[in-house]
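Report on the following structure.
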Amino acid sequence: MKRLSIIAVVLALCVVALGAYTRLKDAGLGCPDWPGCYGHLVVPKSSEAVSNANAAYPERPLEAHKAWPEMIHRYFASTLGLVIFSILFLSFKARKSNPQLPIKTPLALAILVVFQGLLGMWTVTLGLFPTVVMAHLLGGFTTLCLLFLLAVRLHSSPDPVQNSGQGKPNMALRFGILGIFILAFQIALGGWTAANYAATVCSDLPICQSGWQQHVNFEEAFKFWGHGIDDYEYATHLGADAKITIHVAHRVGAIITTLYLGSLFIWLLTRNGISSTIRQAAVAALAVLVLQIALGITNVVMNLPLLVAVAHNGVAAILMMSLIFLNLSLYRSGGIKP
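According to this note's numbering, the sequence shown is numbered sequentially starting from 59.
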């Protein structure tokens, strides 16, 4: 089961990256039905199958270059689901001989992956409804993080308390947990930006073009339901001001997140008595944060190149895993007792 947990983490990271690639290729509706593609398990190829597909969905004629990314994403997601249920089965089976094996996390993952499947279906059937798209993205990140927690637990044993005397880990752990919430909120803002096609509306640094303050419209930008339409592709339901507001919120969130996490990591590295595990985790997290900043700036300067934008999503997931591992290290060093 240890090896399977690692496979699941890698698969989940691939699913997150493929989901980002699908969104950035505007391929979210490349297959307008679910779970198949124009009624097939693979993208139709023959001229007859293509003609039948176009006749069945005249408003969405088949575009193979969009359909394939969507289906590959579904294949990987389905495989991940099978792996998660395999982990759950093995957990129940192995728990008879080893009661200490985790069962709650595999069970939560199984429930979550079923809900993720429903969100994937609703993403298509509701025409890329932004609230569902963002929830689907956050569900993917949550799945990845739970799998990462499970893998870490299966591959390690609790460390002895190392720094309980002066209370430093306790304070650091509180700061670390707050960092997780800040980063999660920033990831949600990034998901909302992508779901509403607002990633390219601001081409200047650090916030947006000059005069952006005159275009702020939070009411329209963060309206989560009640739009009265059934097709949200390209976010034609939003005005330019709303998209600018969404993008600005993501930029401001990025600045706050960078300042907070950067300060946290540097503060940890300058503390006396911090264990080598915590120090290494802080260095790794700081390196990932710097990489994420560089990718974000590159997205702005180069007008959202596809591979860089996909990497920006993937590195966000890696940053969250790095932060979670740092918090686990702080916890095991005496921050908070179970």
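Glycine is no exception: its CB is placed at the ideal position from the N, C-alpha and C atoms.
None of the values given here were measured: they were computed from a predicted structure.
Of the residues I355, G311, F276, A70, the one whose Cα lies closest to the Cα of T201 is A70. Secondary structure within the stretch 64-104: not one fully enclosed beta strand (DSSP E) run of 3 or more consecutive residues is present.
Burial check for E117: the Cβ neighbour count within 10 Å stays below 16, so the residue is exposed. In the structure shown, the three-state DSSP call for K154 is coil. Burial is judged here by how many other beta carbons sit within 10 angstroms of a residue's own beta carbon; A113 has fewer than 16 and is exposed.
Distance from the CA of P127 to the CA of A85, rounded to the nearest whole angstrom, comes to 7 Å. The beta carbon of L62 is closer than 8 Å to those of V141, S144, I145, L148 in its chain, skipping five residues each way along the sequence. C-alpha of H131 to C-alpha of Y79: approximately 9 Å in a straight line.
By the neighbour-count definition (other C-beta atoms within 10 Å, threshold 16), S214 is an exposed residue. Of the residues A256, A230, S104, L347, the one whose Cα lies closest to the Cα of L388 is A230. In terms of CA proximity to G320, V341 leads the group Q158, P119, V341, V171. Straight through space, the alpha carbons of G248 and V310 are spaced by roughly 11 Å. Counting only the Cα atoms, L186 lies some 6 Å from E291. Spanning the alpha carbons of G297 and I265 requires a straight line of approximately 19 Å.
Judged by beta-carbon spacing, V108 lies within the 7 Å limit of L120, meaning their Cβ atoms are closer than that value. Shown here, I382 sits in a helix according to DSSP, grouped into three states. Annotation for A312: Q244, G354 place their beta carbon closer than 7 Å to its own, counting only its chain and skipping 5 residues before and after. Taking a C-beta distance under 7 Å as the contact criterion, M129 and V172 do not qualify as a contact pair. Minimum Cα-Cα distance from A242 among the listed residues S105, A374, W92, C89 corresponds to A374.
Between K154 and I65, the alpha-carbon positions lie close to 24 Å from each other. Its chain contains C260, I302, V306 as the residues whose beta carbon lies nearer than 8 Å to that of W270, once the 5 sequence neighbours on both sides are disregarded; these appear in chain order.
Straight through space, the alpha carbons of M378 and L349 are spaced by roughly 13 Å. Residues of the same chain with a CB within less than 6 Å of the CB of F383, apart from the 5 flanking positions on each side, are A339 in chain order.
Shortest Cα-Cα distance from H273 to any of I304, M59, L263, L365 involves I304. Within the model, the alpha-carbon separation for L263 versus S104 is close to 48 Å. L196 and A257 do not touch by the CB rule: their CB atoms are close to 17 Å apart, not below 8 Å.
Selection G284, P188, C203 evaluated against Y255 yields P188 as nearest (Cα-Cα). DSSP places W250 in the helix class (H, G or I) of the three-state scheme.
Counted as a single uninterrupted DSSP element, the alpha helix (DSSP H) harbouring C203 occupies residues 188-213. With a threshold of 16 other beta carbon atoms within 10 Å, R81 meets it and is buried. By the Cβ-count criterion, R390 is buried, with 16 or more other Cβ atoms from all chains shown falling within 10 Å of its own Cβ. Cβ-Cβ distances below 7 Å link Y115 to P90, Y96 in the same chain, with the five nearest sequence neighbours on each side left out; the list follows chain order. The beta carbons of L212 and T163 sit no closer together than 7 Å. In this structure, the straight-line span from the alpha carbon of V73 to that of Y133 is close to 9 Å.
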